[in-house]
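What follows is a single structure, written as structure tokens, with notes after it.
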Amino acid sequence: MRKTLKFLIASGACLVMAGTGQMSAQAAMNLETDAPVAGASVAINNYYASSLNPEKELAEAFASKEVLAVAGAGQTGVAGGAQTAKPAQVPAETKAQPKETTGETEAVVRAMSKSIYDNIAISRVTNYVNVRAQASTSSEVVGKIYNNCAATILDTVDGEGGKWYHIQSGSVTGYIKAQYFVTGEEASKIAREVGTTYAKVTNTSTLRLRETPSLEGKTLDLLSADAEYEVIGEEGDFAKISVDNDLVGYVYKDYITTQVDFKQAVSVAEEQQQKAEEEKLKQEANAAIENLEQVKKKAEEESRAAETTAAAKETTAAAKETTKASETSYSGTIEANPSESKAAGTTAAAKETTKAAETKAPTTAAATKATTASGVGPGGGPGTGGTSSSGNEVTNATRSAVVAYAKQFLGNPYVYGGTSLTNGADCSGFTMSVFAHFGISTGRSSRDQAAKGKEVAVSAVQPGDLLFYASGNYINHVALYIGNGQVIHASTAKSGIKISPSNYRTPCKAVSFLN
Numbered sequence: 006m007r008k009t010l011k012f013l014i015a016s017g018a019c020l021v022m023a024g025t026g027q028m029s030a031q032a033a034m035n036l037e038t039d040a041p042v043a044g045a046s047v048a049i050n051n052y053y054a055s056s057l058n059p060e061k062e063l064a065e066a067f068a069s070k071e072v073l074a075v076a077g078a079g080q081t082g083v084a085g086g087a088q089t090a091k092p093a094q095v096p097a098e099t100k101a102q103p104k105e106t107t108g109e110t111e112a113v114v115r116a117m118s119k120s121i122y123d124n125i126a127i128s129r130v131t132n133y134v135n136v137r138a139q140a141s142t143s144s145e146v147v148g149k150i151y152n153n154c155a156a157t158i159l160d161t162v163d164g165e166g167g168k169w170y171h172i173q174s175g176s177v178t179g180y181i182k183a184q185y186f187v188t189g190e191e192a193s194k195i196a197r198e199v200g201t202t203y204a205k206v207t208n209t210s211t212l213r214l215r216e217t218p219s220l221e222g223k224t225l226d227l228l229s230a231d232a233e234y235e236v237i238g239e240e241g242d243f244a245k246i247s248v249d250n251d252l253v254g255y256v257y258k259d260y261i262t263t264q265v266d267f268k269q270a271v272s273v274a275e276e277q278q279q280k281a282e283e284e285k286l287k288q289e290a291n292a293a294i295e296n297l298e299q300v301k302k303k304a305e306e307e308s309r310a311a312e313t314t315a316a317a318k319e320t321t322a323a324a325k326e327t328t329k330a331s332e333t334s335y336s337g338t339i340e341a342n343p344s345e346s347k348a349a350g351t352t353a354a355a356k357e358t359t360k361a362a363e364t365k366a367p368t369t370a371a372a373t374k375a376t377t378a379s380g381v382g383p384g385g386g387p388g389t390g391g392t393s394s395s396g397n398e399v400t401n402a403t404r405s406a407v408v409a410y411a412k413q414f415l416g417n418p419y420v421y422g423g424t425s426l427t428n429g430a431d432c433s434g435f436t437m438s439v440f441a442h443f444g445i446s447t448g449r450s451s452r453d454q455a456a457k458g459k460e461v462a463v464s465a466v467q468p469g470d471l472l473f474y475a476s477g478n479y480i481n482h483v484a485l486y487i488g489n490g491q492v493i494h495a496s497t498a499k500s501g502i503k504i505s506p507s508n509y510r511t512p513c514k515a516v517s518f519l520n
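Read left to right, the sequence shown gives residues 6 to 520 (our numbering).
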């Protein structure tokens, strides 16, 4: 498990400068001091700015040796008489009208004219290096730090073989040789490449994702306040958002807050916990599949018993009919008129023939019902008919097994056109391969799967069903519903296979392959 370091960036706030210089009004900062490094320090998890390029704005703001900034919600001012307008309210960008901001928030900010990365190091290693309790390779290993992880430099010391950094990254505090890190301006450049910016919808329940960075741009989808989205750029008042590999668009910046995440070191305990969690998911999948096999076996035994009972009833009914036909042939008195006797015999035979034919119909129906009631379909999968308790048990067990099986691949890669659950799959390749494990054919593309499955109401979706998402007028993404308002899906190359709120986009259709 690789933890992340977060820069929090609050959109829509404004900066007030004390002094004669001017700067962008679209910025707000809250810097708190921590352990000093060369006279200045920044607690990076308490950094705020509205710009998606905070380094550039901070560099401009900190051109003087010291600035005092006061940020007020919804208003701005610049000393020396310069004024800036409030951000325009754009109700059209939201589905629900944002509430008025009540009260004002003030923050007093002090910052020195230094790079915000002066006490941050970015790791540069082939795979990972150990974090030690002391500045020595013989010291206890307290954690691991992987390539492109961020760490705060607490101190620089002389240790075994030269200079070491005393660092803090995530929950890990320890020592690493300085040669494995870059700092200062070089770290700042790398950070822009390796950090990932995420946006969260704020002040409204849903936000329009537009095709172009314009209030007149076509609406592609509605984004939810329950999810986070990757920011891949900005144009004017709009942030460019990657929702899934197949959906990229623009959102108005006044309705989002953003944060920059960096990978962090992982402690020995956290690494063990991650391995335990992965093993737990595998065990849950195996247990669910084993339970499914047991339920299927039980259903098949009940089906065979029902067929045997039906066959026995059919044999008994046939024996009764044979006996009755025999009695009809040899009982009675011989009539004096042979022709009348022949006619009577013909009539009786006709009645018995009719009765025997009627007897076979319910027997056939009973046998069919017994077969269907098991709920076991072709290839051992759940059947599509019947309402018996055994049939429902098979369907429910299959749902649980499908979800558990899918979840063990959480975090694996996204690969466009791929179908491998371990080496990489795209959205429909992921769902296809999950269902294929259970002998169920879904089709390859998301549109194939939407057409082939049995449609159910989106509001009635159950674990193991598929949810579909569209851009414009056509379906272009599919996810597996896992219950509790969540889906698992292959999203982007950055995120891989992940769990999201089911309404992170607006679902347009749901189908089931399990009932």
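Every residue, glycine too, gets a C-beta built ideally from N, C-alpha and C.
Remember, it's a predicted structure, so these values are computed and weren't measured experimentally.
Boundaries of the beta strand (DSSP E) in which residue i is found, first to last residue
i	result
E165	Element bounds for E165: n/a, residue is neither H nor E.
R137	Y133 to R137
D231	Premise fails: D231 is in no beta strand (DSSP E) and is neither H nor E.
A475	L471 to S476
T207	Neither: T207 is in no beta strand (DSSP E) and is coded neither H nor E.
F267	I261 to K268
P512	P512 to S517
L214	T211 to R215
A126	I125 to S128
Reduced DSSP category for residue i - H, G, I as helix; E, B as strand; rest coil
i	result
P343	A caution first: P343 carries a pLDDT of 45, below 50, which makes its placement in the model unreliable, though a value can still be read off. Three-state result, P343: helix.
V187	strand
G501	strand
K223	coil
E239	strand
A441	helix
S144	coil
S405	helix
Y255	strand
A528	There is no way to answer for residue 528, as the model of the chain reaches only from 6 to 520.
S446	coil
G179	strand
Y410	helix
Q467	coil
V420	coil
S308	helix
T436	helix
S193	helix
A84	Bear in mind that the predicted position of A84 carries a pLDDT of just 35, short of 50, making it unreliable; the figure below should be weighed with that in mind. Looking at A84 - three-state DSSP - the assignment turns out to be coil, as it is neither helix nor strand.
N-terminal and C-terminal residue of the alpha helix (DSSP H) that residue i is part of
i	result
A484	Segment Y479 to G488 is the beta strand (DSSP E) holding A484; no alpha helix (DSSP H) there.
A456	S451 to K457
Counted within 10 angstroms of its Cβ, other Cβ atoms place residue i as buried (16 or more) or exposed
i	result
V516	buried
G444	exposed
N208	buried
R309	exposed
A441	exposed
K514	buried
N401	buried
K285	exposed
G166	exposed
T202	buried
D160	exposed
T313	exposed
E295	exposed
Nearest-angstrom beta carbon gap, residue j and residue i [assumed within contact, 8 Å]
i	j	result
V146	V162	Not really, about 18 Å apart at Cβ, beyond 8 Å.
Q491	R404	Not really, about 14 Å apart at Cβ, beyond 8 Å.
G414	T427	It is worth fixing the name first, because residue 414 is Phe in this sequence and not Gly. F414 to T427, Cβ: 7 Å. Contact.
C432	A498	Not really, about 12 Å apart at Cβ, beyond 8 Å.
Neighbour flag for residue i against chain C, beta carbons, 8 Å
i	result
Q269	Of the protein chains in this structure there is only one, and it is not chain C.
Original post:
Do the stretch 409-421 and the stretch 496-503 meet, that is, are 3 or more Cβ pairs less than 8 Å apart?
Top reply: yes
**OP:** Report yes or no: do three or more beta-carbon pairs, one from the stretch 275-292 and one from the stretch 252-260, lie closer than 8 Å?
**Re:** no
Original post:
Would you say the stretch 216-228 touches the stretch 470-489, given that touching needs at least three Cβ pairs under 8 Å?
Top reply: yes
Original post:
So, do the stretch 227-244 and the stretch 201-219 have three or more beta carbon pairs nearer to each other than 8 Å?
Top reply: yes
**OP:** Check whether the stretch 242-258 touches the stretch 207-221, taking contact to mean three or more Cβ pairs, one atom from each stretch, closer than 8 Å.
**Re:** yes
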